[in-house]
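Colleague: First the structure, then my questions, so here it is.
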Amino acid sequence: MFQSPMYDFGYDIADFYAVHDEYGTMEDFEALIAKAKELDIKIVLDFVPNHGSNESVWFEEALRGHEDYYDYFVWEDGVVDENGVMHPPNNWNSVFRKSAWEYREEVGKYYLHQFVIGQPDFNYRNPAVVEEMKNVLRFWLDKGVAGFRIDAISHLFEVDKELFGGKFPDEPLSGRSTDDPLSYDYLDHVYTVNQDETYDMVYQWRELFDEYEEIDGLQRVVMTEAYTSPQLTMRYFGDGDREGAQMPFNFVLISDVNGQSSAAEIKYALDKFLTFKPIDKLANWVAGNHDNFRVASRFGPKLVDGINMIVLLLPGIAVTYMGEELGMQNGFVSWEDTVDPSACNTDDPINYYQKSRDPERTPFQWNSGKNAGFSTADKTWLPVADTYETLNVEVQQSVEKSHLNVYKKLAALRTLPVFRHGRFESVALNSDVFAFRRWHEGETYLVVINLREHHYHLDLTYFENVEGHLEVVISSVDSTRKIGELLEASNLPISDGESLVLKIVQ
């Protein structure tokens, strides 16, 4: 929502202290905060600390030779070959393909951009940058913001080049299947992500947030986005002495499993995060976001409700990307309509789709009208997905059984003590059926998800203290089971792609 030239979905921020004019004014934002407070709704903002915009005043001043702002960014001399041709300082590649370095004649140096050319990386080894970003956080916290989702946090620091004679070293080859030397996956990013200093920076931000809590008693939340190993993800929680993020995003449902995964693989992915997580911290579950294909497109439409059952009924915090409650599917975005730099930088009008994030970013589908009710404009920024006539809020609210209504029931169910405080156990009943149990103070619920196109009769008495009859509490959209129907725990029939929430009958 910050002022941006919009080369990368607004993640190229030109002014961290201003609202992008397409979204309104600062007065509009302040009114939003005030109304949200009346309704007891918390507003959380994206925070993009790794980089700014090459159209920002800071960067423009750096190019004019303003020393203070020059040091806000990461600069390096190029390498001149025997023919007098200038090359980038090293082999580092951008996340969006091609060199991570861009030359500027004004200063005779290359600047680092781990993402698009228009997103110069900040130099966090400069204390002035650290303080500037803390001031940004203070500015929005003073407006009444309740926390931040911190974007691309793992890229915050690069290795200290003084450890390598004052020059950033080449990164080693990854050995992965790609044979494109300009691909991000071509290299093993040991010098540009997951540096130790990054975690310390998160701890500093948490200390700043806690200072606000000490004043008014209101907790401010730190959410971190890093696609990394469970071990490194856990470091964002804290180091034992200092607190970090309350919520380092858990991406196992995105990175580790898909529509071809077995029940055992689902269980392994979920258990992995719970195993590594500190016992005094909350888990969180993320099945979709703006950077990955939609749940319905990755797992198949039949599993939308089953995946939402996992996200909403496992112990911990549920995170839902807009549209997943409707079962929205990837929209088709032609090469001509593509705006995502990750896709555009492939220079490939045939295979660009494999890298594009536009399909999951198509407009939210409110109704069957023009532009799915999202906008009255003649043309939206991205085209509306073809499925909007049936997968929209208006249609799904008007029928008894829909993904949206299943989601609402799940959201209500998770407020019960058994899901807020209850214990958890999961099992792969066979290669195709994943199930878990939540129990608390004599109340027990079971969730059963059939991942495949097969029918089974299941014995749920495998779970301790599960016997007799089970009552259907929620069933997936394609299920024929009625709410309140009783099923035998020792011989429970389940259809292909069916998902059920069941309760032990006392």
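Following the working numbering, the residues of the sequence shown are numbered contiguously, the last one being 549.
C-beta atoms are modelled at their ideal positions from N, C-alpha and C, and glycine is treated no differently.
Bear in mind that the values here come from a model prediction, so they are computed numbers and not experimental data.
Buried or exposed for Gln-549, going by 16 or more other Cβ atoms inside 10 Å?
Modeller: It counts as exposed.
Colleague: Counting Cβ pairs closer than 8 Å, one from the region 283–290 and one from the region 235–251, do we hit at least three?
Modeller: Touching, yes, given that three or more Cβ pairs across the two stretches are closer than 8 Å.
Colleague: Taking 8 Å as the threshold, find out whether the region 394–408 comes into contact with the region 370–385 through three or more Cβ pairs.
Modeller: The region 394–408 vs the region 370–385: in contact.
Colleague: Hey, quick one: how far does the beta strand (DSSP E) through Leu-535 stretch, first residue to last?
Modeller: It spans 535–537 - the beta strand (DSSP E) in which Leu-535 sits, taken as one unbroken run.
Colleague: Determine the extent of the alpha helix (DSSP H) in which Thr-241 is found, giving its start and end residues.
Modeller: Where Thr-241 is concerned, the enclosing alpha helix (DSSP H) stretches over 239–259.
Colleague: Three or more C-beta pairs under 8 Å: does that hold for the region 161–174 against the region 85–95?
Modeller: Counting Cβ pairs under 8 Å, three or more are found: they touch.
Colleague: So does the region 349–359 actually touch the region 452–466, counting three or more Cβ pairs closer than 8 Å?
Modeller: Output reads yes: the region 452–466 touches the region 349–359.
Colleague: Am I right that Ser-445 and Val-520 are in contact with their C-beta atoms under 8 Å? What's the rounded C-beta distance?
Modeller: Yes, Ser-445 and Val-520 are in contact; Cβ-Cβ is about 6 Å, under 8 Å.
Colleague: Give the DSSP-derived three-state secondary structure of His-94 in the structure shown.
Modeller: Here His-94 sits in strand by DSSP.
Colleague: Nearest to Arg-263 by alpha carbon, out of Ala-454, Asp-71, Phe-191?
Modeller: The shortest C-alpha separation from Arg-263 is found at Phe-191.
Colleague: Can you give the Cα-Cα distance for Thr-318 and Pro-291, rounded to whole angstroms?
Modeller: Near 15 Å, if we compare the C-alpha coordinates of Pro-291 and Thr-318.
Colleague: Assuming contact is defined by CB atoms lying nearer than 8 Å, are Glu-268 and Arg-337 in contact in what I supplied?
Modeller: For Glu-268 and Arg-337, no; Cβs fall outside 8 Å.
Colleague: Hey, how far is the Cα of Asn-133 from the Cα of Arg-168?
Modeller: Each residue's Cα considered, the two are about 20 Å apart.
Colleague: Alpha helix (DSSP H) containing Met-277: first to last residue?
Modeller: First-last of the alpha helix (DSSP H) with Met-277: 273–278.
Colleague: State yes or no: is the C-beta of Phe-479 within less than 8 Å of the C-beta of Ala-306?
Modeller: In this structure, Ala-306 does not lie closer than 8 Å to Phe-479 by Cβ.
Colleague: What's the call for Gln-439, buried or exposed, on a 16-neighbour Cβ count within 10 Å?
Modeller: Buried is the call here.
Colleague: Go through the region 96–180 residue by residue and report every complete run of the beta strand (DSSP E) that reaches 3 residues or more, in order.
Modeller: Listed in chain order, they are 144–147, 152–155.
Colleague: Run through the DSSP bridge pairs and tell me what Lys-452 is partnered with.
Modeller: Lys-452 is not bridged to any residue.
Colleague: Got a sec? Which residues, its chain only, sit under 6 Å from Ala-61 by beta carbon, not counting five neighbours each side?
Modeller: Here the set comprises Gln-46.
Colleague: Between the beta-carbon of Val-265 and the beta-carbon of Ala-189, is there less than 8 Å?
Modeller: Result no, Cβ atoms of Val-265 and Ala-189 do not sit closer than 8 Å.
Colleague: What residue from Asp-124, Ala-57, His-63, Ile-76 has the CA that sits closest to Glu-104's CA?
Modeller: Closest by alpha carbon: Ala-57.
Colleague: Let me know if Lys-345 comes out buried or exposed under the rule of 16 or more other beta-carbons within 10 Å of its beta-carbon.
Modeller: Per the 10 Å Cβ criterion, buried.
Colleague: Tell me the DSSP bridge mates of Arg-192?
Modeller: Bridge partners of Arg-192: Asp-89, Met-266.
Colleague: Curious, which full-length alpha helix (DSSP H) runs of at least 4 residues does the region 367–421 contain?
Modeller: Counting whole runs of 4 or more residues, the region 367–421 contains the alpha helix (DSSP H) stretches 384–387.
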